[in-house]
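Novice: In this text, residue positions in the sequence shown follow the working numbering: the first is 17, and each later residue adds one. Got a structure for you, questions after.
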Amino acid sequence: MCDDGSTCVKLAWLENGNIKTHISPNAFREGWKSEAFNQVLNFDIDGKKYSFDKGHNAILSTTNIAFQYSDLDLLAIHKALLTSTLSPQEIEITVTLPINEFFHQDGQKNMANIERKRNNVLRKVKVNNNQSFEIKSVFVMPESVPAVAEELKKDDVSPLEKSIIVDLGGTTMDCGIITGGELDVSEVYGNPSIGTRSVAIAIIKAMGIADSDINEYEANAILSSEDKRKEISAIINNRSMIDHVMTEINNAIENYAKSVISQIEQLQKVNRIYLAGGGAELIDNYVTAHFRNKKVRKLDDAQLALVKTLVYV
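If you want it as C-alpha coordinates, here you go:
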(Lines of atoms letter the chains of each structure in order from A and count residues from 1; the text may use other names and numbers.)
(Lines give C-alpha, C1' and ligand atoms only; values in the text may rest on other atoms or scores of the structure.)
Protein backbone atom coordinates (compact mmCIF):
# COMPACT_ATOMS: atom_id res chain seq x y z
CA MET A 1 0.00 0.00 0.00
CA CYS A 2 1.32 3.40 -0.97
CA ASP A 3 0.23 6.87 0.14
CA ASP A 4 2.20 8.83 -2.43
CA GLY A 5 2.21 12.34 -1.01
CA SER A 6 3.88 15.39 -2.47
CA THR A 7 6.55 15.72 0.23
CA CYS A 8 7.02 12.05 1.08
CA VAL A 9 5.73 8.59 0.20
CA LYS A 10 4.39 6.31 2.92
CA LEU A 11 4.41 2.52 2.39
CA ALA A 12 2.80 -0.26 4.42
CA TRP A 13 2.69 -3.99 3.82
CA LEU A 14 2.22 -7.25 5.71
CA GLU A 15 5.24 -9.44 6.39
CA ASN A 16 4.71 -12.71 8.27
CA GLY A 17 1.45 -11.30 9.60
CA ASN A 18 3.09 -8.12 10.91
CA ILE A 19 2.58 -4.66 9.43
CA LYS A 20 5.72 -2.97 8.14
CA THR A 21 5.99 0.72 7.22
CA HIS A 22 8.44 2.97 5.43
CA ILE A 23 8.55 6.76 4.90
CA SER A 24 10.48 8.04 1.90
CA PRO A 25 11.01 11.81 1.37
CA ASN A 26 10.96 13.27 -2.13
CA ALA A 27 13.91 15.16 -3.67
CA PHE A 28 14.57 14.73 -7.37
CA ARG A 29 16.47 16.63 -10.03
CA GLU A 30 16.92 16.27 -13.76
CA GLY A 31 20.01 14.41 -14.98
CA TRP A 32 22.04 11.64 -13.40
CA LYS A 33 24.48 11.69 -10.49
CA SER A 34 27.95 10.16 -10.60
CA GLU A 35 28.22 6.65 -9.18
CA ALA A 36 31.96 7.02 -8.54
CA PHE A 37 31.86 7.18 -4.75
CA ASN A 38 28.40 6.30 -3.44
CA GLN A 39 25.47 4.18 -4.44
CA VAL A 40 22.98 6.45 -6.17
CA LEU A 41 19.50 6.19 -7.62
CA ASN A 42 19.50 7.24 -11.27
CA PHE A 43 16.18 6.87 -13.06
CA ASP A 44 15.06 6.74 -16.68
CA ILE A 45 11.43 7.34 -17.67
CA ASP A 46 10.75 7.23 -21.40
CA GLY A 47 14.31 8.36 -22.10
CA LYS A 48 14.26 11.25 -19.61
CA LYS A 49 16.89 11.11 -16.87
CA TYR A 50 16.36 11.94 -13.19
CA SER A 51 18.17 11.29 -9.93
CA PHE A 52 17.39 11.41 -6.23
CA ASP A 53 19.52 14.24 -4.82
CA LYS A 54 18.49 15.64 -1.45
CA GLY A 55 21.29 18.21 -1.32
CA HIS A 56 20.87 19.77 -4.76
CA ASN A 57 19.70 23.40 -4.93
CA ALA A 58 17.64 22.77 -8.07
CA ILE A 59 15.42 19.92 -6.87
CA LEU A 60 12.14 19.74 -8.77
CA SER A 61 9.05 20.96 -6.93
CA THR A 62 6.58 18.24 -6.01
CA THR A 63 4.23 20.40 -3.96
CA ASN A 64 1.56 20.92 -6.60
CA ILE A 65 -1.52 19.03 -7.81
CA ALA A 66 0.14 18.21 -11.16
CA PHE A 67 2.57 16.02 -9.18
CA GLN A 68 -0.14 13.36 -8.84
CA TYR A 69 -0.02 12.55 -12.56
CA SER A 70 3.64 13.27 -13.30
CA ASP A 71 7.04 11.65 -13.74
CA LEU A 72 7.90 12.88 -10.25
CA ASP A 73 5.09 10.90 -8.63
CA LEU A 74 6.22 7.77 -10.45
CA LEU A 75 9.81 8.43 -9.35
CA ALA A 76 8.71 8.94 -5.75
CA ILE A 77 6.85 5.62 -5.69
CA HIS A 78 9.78 3.65 -7.13
CA LYS A 79 12.32 5.39 -4.91
CA ALA A 80 10.19 4.49 -1.86
CA LEU A 81 9.98 0.85 -2.94
CA LEU A 82 13.72 0.66 -3.61
CA THR A 83 14.67 2.17 -0.24
CA SER A 84 12.30 -0.12 1.68
CA THR A 85 13.21 -3.64 2.82
CA LEU A 86 11.24 -5.13 -0.08
CA SER A 87 13.13 -6.82 -2.92
CA PRO A 88 12.48 -5.79 -6.54
CA GLN A 89 9.66 -7.93 -7.91
CA GLU A 90 6.34 -7.82 -9.74
CA ILE A 91 3.78 -6.11 -7.51
CA GLU A 92 0.21 -4.94 -7.25
CA ILE A 93 -0.04 -1.55 -5.59
CA THR A 94 -2.68 0.71 -4.08
CA VAL A 95 -1.96 4.43 -4.47
CA THR A 96 -3.87 7.55 -3.44
CA LEU A 97 -5.34 10.77 -4.78
CA PRO A 98 -6.27 13.88 -2.78
CA ILE A 99 -9.96 13.89 -1.87
CA ASN A 100 -10.68 16.80 -4.18
CA GLU A 101 -9.06 14.95 -7.10
CA PHE A 102 -10.69 11.59 -6.36
CA PHE A 103 -14.23 12.96 -5.97
CA HIS A 104 -16.32 15.52 -7.78
CA GLN A 105 -17.90 18.23 -5.61
CA ASP A 106 -21.10 16.15 -5.40
CA GLY A 107 -19.24 13.23 -3.82
CA GLN A 108 -19.16 11.09 -6.98
CA LYS A 109 -15.91 9.46 -8.09
CA ASN A 110 -13.91 11.37 -10.69
CA MET A 111 -13.21 8.40 -12.95
CA ALA A 112 -11.12 10.46 -15.39
CA ASN A 113 -8.67 11.47 -12.65
CA ILE A 114 -8.60 7.96 -11.19
CA GLU A 115 -7.77 6.42 -14.57
CA ARG A 116 -5.18 9.12 -15.26
CA LYS A 117 -3.44 8.34 -11.98
CA ARG A 118 -3.58 4.60 -12.59
CA ASN A 119 -2.07 4.90 -16.06
CA ASN A 120 0.73 7.13 -14.76
CA VAL A 121 1.78 4.61 -12.12
CA LEU A 122 1.75 1.73 -14.62
CA ARG A 123 4.52 3.32 -16.71
CA LYS A 124 7.91 1.61 -16.81
CA VAL A 125 10.90 2.94 -14.88
CA LYS A 126 14.54 1.93 -15.23
CA VAL A 127 16.89 2.42 -12.29
CA ASN A 128 20.65 2.58 -12.79
CA ASN A 129 20.04 1.04 -16.24
CA ASN A 130 18.30 -1.94 -14.62
CA GLN A 131 14.62 -2.76 -14.35
CA SER A 132 13.06 -1.63 -11.08
CA PHE A 133 9.95 -2.99 -9.43
CA GLU A 134 7.44 -4.00 -12.09
CA ILE A 135 3.99 -2.71 -11.24
CA LYS A 136 1.43 -5.06 -12.77
CA SER A 137 -1.80 -3.51 -11.50
CA VAL A 138 -2.83 -0.33 -9.72
CA PHE A 139 -5.79 0.42 -7.46
CA VAL A 140 -6.52 4.06 -6.57
CA MET A 141 -8.04 5.16 -3.25
CA PRO A 142 -8.93 8.60 -1.85
CA GLU A 143 -6.60 10.09 0.73
CA SER A 144 -7.75 10.29 4.36
CA VAL A 145 -11.31 8.98 4.04
CA PRO A 146 -10.38 5.30 4.60
CA ALA A 147 -8.17 6.26 7.55
CA VAL A 148 -11.11 7.56 9.54
CA ALA A 149 -13.19 4.37 9.13
CA GLU A 150 -11.86 2.68 12.28
CA GLU A 151 -12.08 5.92 14.26
CA LEU A 152 -15.78 6.26 13.45
CA LYS A 153 -16.35 2.78 14.86
CA LYS A 154 -14.22 3.41 17.95
CA ASP A 155 -16.05 6.66 18.66
CA ASP A 156 -19.47 5.01 18.26
CA VAL A 157 -20.62 7.83 15.98
CA SER A 158 -24.39 8.20 15.80
CA PRO A 159 -26.18 7.93 12.42
CA LEU A 160 -27.20 11.60 12.75
CA GLU A 161 -23.76 13.01 13.49
CA LYS A 162 -21.74 14.78 10.82
CA SER A 163 -17.96 14.54 10.78
CA ILE A 164 -15.31 16.25 8.71
CA ILE A 165 -12.05 14.54 7.86
CA VAL A 166 -9.37 17.17 7.25
CA ASP A 167 -6.27 15.96 5.42
CA LEU A 168 -3.40 18.38 5.93
CA GLY A 169 -0.76 17.60 3.34
CA GLY A 170 2.26 19.34 1.94
CA THR A 171 0.36 20.83 -0.98
CA THR A 172 -3.34 20.85 -0.18
CA MET A 173 -5.95 20.89 2.52
CA ASP A 174 -8.64 18.36 1.57
CA CYS A 175 -11.89 17.83 3.44
CA GLY A 176 -14.62 15.23 3.30
CA ILE A 177 -17.97 15.55 5.08
CA ILE A 178 -19.14 12.18 6.39
CA THR A 179 -22.63 11.41 7.74
CA GLY A 180 -23.02 8.79 10.46
CA GLY A 181 -20.63 6.02 11.40
CA GLU A 182 -20.03 4.67 7.91
CA LEU A 183 -17.95 6.12 5.07
CA ASP A 184 -20.90 7.99 3.60
CA VAL A 185 -19.18 10.95 1.90
CA SER A 186 -21.75 13.66 1.25
CA GLU A 187 -19.47 16.54 0.24
CA VAL A 188 -15.83 17.15 -0.59
CA TYR A 189 -13.75 20.29 -0.55
CA GLY A 190 -10.14 21.02 -1.39
CA ASN A 191 -7.91 24.06 -1.21
CA PRO A 192 -4.70 23.65 -3.24
CA SER A 193 -3.16 26.77 -1.69
CA ILE A 194 -3.16 25.61 1.94
CA GLY A 195 -0.40 23.13 2.79
CA THR A 196 2.63 22.67 4.98
CA ARG A 197 4.67 23.96 2.04
CA SER A 198 3.90 27.50 3.27
CA VAL A 199 5.83 26.72 6.44
CA ALA A 200 8.67 25.10 4.50
CA ILE A 201 8.99 28.21 2.31
CA ALA A 202 9.11 30.39 5.44
CA ILE A 203 11.98 28.24 6.73
CA ILE A 204 13.86 28.58 3.44
CA LYS A 205 13.47 32.38 3.50
CA ALA A 206 14.49 32.70 7.15
CA MET A 207 17.55 30.52 6.63
CA GLY A 208 18.47 32.57 3.56
CA ILE A 209 18.50 35.73 5.66
CA ALA A 210 20.83 33.85 8.02
CA ASP A 211 23.29 33.28 5.14
CA SER A 212 22.25 29.63 4.81
CA ASP A 213 20.74 28.34 1.57
CA ILE A 214 18.59 25.23 1.90
CA ASN A 215 16.15 23.46 -0.40
CA GLU A 216 12.61 22.22 0.18
CA TYR A 217 13.76 18.74 1.19
CA GLU A 218 15.95 20.21 3.93
CA ALA A 219 13.19 22.61 5.04
CA ASN A 220 10.76 19.70 5.38
CA ALA A 221 13.35 17.75 7.36
CA ILE A 222 13.57 20.66 9.82
CA LEU A 223 9.79 20.95 9.93
CA SER A 224 9.26 17.27 10.76
CA SER A 225 12.00 17.17 13.38
CA GLU A 226 11.09 16.96 17.06
CA ASP A 227 14.04 19.24 17.82
CA LYS A 228 13.91 21.97 15.19
CA ARG A 229 16.42 24.17 17.00
CA LYS A 230 19.01 21.38 16.97
CA GLU A 231 18.52 20.80 13.23
CA ILE A 232 18.84 24.51 12.50
CA SER A 233 21.92 24.89 14.72
CA ALA A 234 23.70 22.18 12.73
CA ILE A 235 23.39 23.93 9.35
CA ILE A 236 22.95 27.66 9.99
CA ASN A 237 25.91 29.90 9.17
CA ASN A 238 24.89 33.02 11.08
CA ARG A 239 24.26 31.54 14.53
CA SER A 240 23.07 34.88 15.89
CA MET A 241 19.95 34.35 13.75
CA ILE A 242 18.83 31.04 15.31
CA ASP A 243 16.17 32.71 17.48
CA HIS A 244 14.94 34.69 14.48
CA VAL A 245 14.56 31.53 12.41
CA MET A 246 12.69 29.77 15.23
CA THR A 247 10.35 32.77 15.56
CA GLU A 248 9.66 32.72 11.82
CA ILE A 249 8.87 28.98 11.96
CA ASN A 250 6.46 29.42 14.87
CA ASN A 251 4.78 32.37 13.15
CA ALA A 252 4.42 30.38 9.92
CA ILE A 253 2.89 27.42 11.76
CA GLU A 254 0.43 29.74 13.53
CA ASN A 255 -0.54 31.39 10.22
CA TYR A 256 -0.98 27.95 8.64
CA ALA A 257 -3.25 26.95 11.54
CA LYS A 258 -5.33 30.11 11.11
CA SER A 259 -5.81 29.35 7.40
CA VAL A 260 -6.94 25.80 8.16
CA ILE A 261 -9.34 26.95 10.88
CA SER A 262 -10.81 29.60 8.57
CA GLN A 263 -11.48 27.00 5.87
CA ILE A 264 -13.12 24.59 8.32
CA GLU A 265 -15.40 27.38 9.55
CA GLN A 266 -16.59 28.05 5.99
CA LEU A 267 -17.86 24.49 5.60
CA GLN A 268 -21.16 23.22 6.92
CA LYS A 269 -21.46 22.80 10.68
CA VAL A 270 -20.30 19.40 11.90
CA ASN A 271 -20.15 17.56 15.21
CA ARG A 272 -16.74 15.96 14.86
CA ILE A 273 -13.42 16.98 13.30
CA TYR A 274 -10.78 14.39 12.43
CA LEU A 275 -7.29 15.59 11.52
CA ALA A 276 -4.95 13.53 9.33
CA GLY A 277 -1.76 14.07 7.34
CA GLY A 278 1.62 15.51 8.26
CA GLY A 279 0.18 18.95 8.95
CA ALA A 280 -1.98 17.53 11.73
CA GLU A 281 1.14 16.99 13.82
CA LEU A 282 1.90 20.72 13.60
CA ILE A 283 -1.44 22.34 14.33
CA ASP A 284 -3.79 19.94 16.13
CA ASN A 285 -3.44 21.98 19.34
CA TYR A 286 -4.58 25.16 17.55
CA VAL A 287 -7.59 23.42 15.98
CA THR A 288 -8.58 21.72 19.24
CA ALA A 289 -8.39 24.99 21.18
CA HIS A 290 -10.43 26.90 18.58
CA PHE A 291 -13.19 24.31 18.19
CA ARG A 292 -13.42 23.51 21.89
CA ASN A 293 -17.19 22.85 21.65
CA LYS A 294 -16.69 20.14 19.02
CA LYS A 295 -15.16 16.68 19.21
CA VAL A 296 -11.71 17.15 17.65
CA ARG A 297 -9.30 14.25 17.19
CA LYS A 298 -5.95 13.87 15.51
CA LEU A 299 -5.64 10.40 14.05
CA ASP A 300 -3.01 8.33 15.82
CA ASP A 301 0.24 8.41 13.85
CA ALA A 302 -1.48 10.87 11.51
CA GLN A 303 1.12 10.63 8.74
CA LEU A 304 0.91 6.83 8.51
CA ALA A 305 -2.74 6.40 9.49
CA LEU A 306 -4.02 6.14 5.92
CA VAL A 307 -1.50 3.68 4.55
CA LYS A 308 -1.80 1.42 7.60
CA THR A 309 -5.58 1.32 7.17
CA LEU A 310 -5.28 0.50 3.46
CA VAL A 311 -3.38 -2.69 4.31
CA TYR A 312 -6.59 -4.12 5.75
CA VAL A 313 -9.07 -2.69 3.21
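C-beta: ideal position from N, C-alpha, C; glycine also.
#1: Between the C-alpha atoms of V56 and A43, what's the straight-line distance to the nearest angstrom?
#2: Cutting at 8 Å between CB atoms, please list the residues of its own chain near H356, excluding the five before and the five after it.
#3: When you compare each of N309, R45, Y85 and I280 to N129 by their alpha carbons, which one comes out closest?
#4: Would the beta-carbon of I280 fall within 8 Å of that of I180?
#5: Kindly indicate which residue of N231, K285, D171 and D227 has the alpha-carbon position closest to the one of I258.
#6: Exposed or buried, A305, counting other C-beta atoms within 10 Å across all chains shown (16 or more means buried)?
#7: Which class does N58 belong to by DSSP, given the choice of helix, strand or coil?
#8: Rounded to a whole number of angstroms, what is the C-alpha to C-alpha distance between D87 and I61?
#9: How many angstroms separate the CA atom of S249 from the CA atom of C18?
#10: For L90, I'd like the list of residues in its chain whose CB is within less than 8 Å of its CB, leaving aside the five on either flank, ordered along the chain.
#11: Could you tell me if P175 is buried or exposed, where buried requires 16 or more neighbouring beta carbons within 10 angstroms of its beta carbon?
#12: With DSSP as the reference, label K244 as helix, strand or coil.
Specialist: Quick look at the numbers:
#1: Roughly 13 Å between the two C-alpha positions.
#2: Outside the shown range of the chain (17 to 329) lies residue 356, about which nothing can therefore be said.
#3: Y85
#4: yes
#5: D227
#6: Per the 10 Å Cβ criterion, exposed.
#7: Three-state result, N58: strand.
#8: 7 Å
#9: 34 Å
#10: Closer than 8 Å at Cβ, skipping near neighbours: I61, N136, V137, R139 and V141.
#11: exposed
#12: Collapsing the DSSP output to three states places K244 in a helix.
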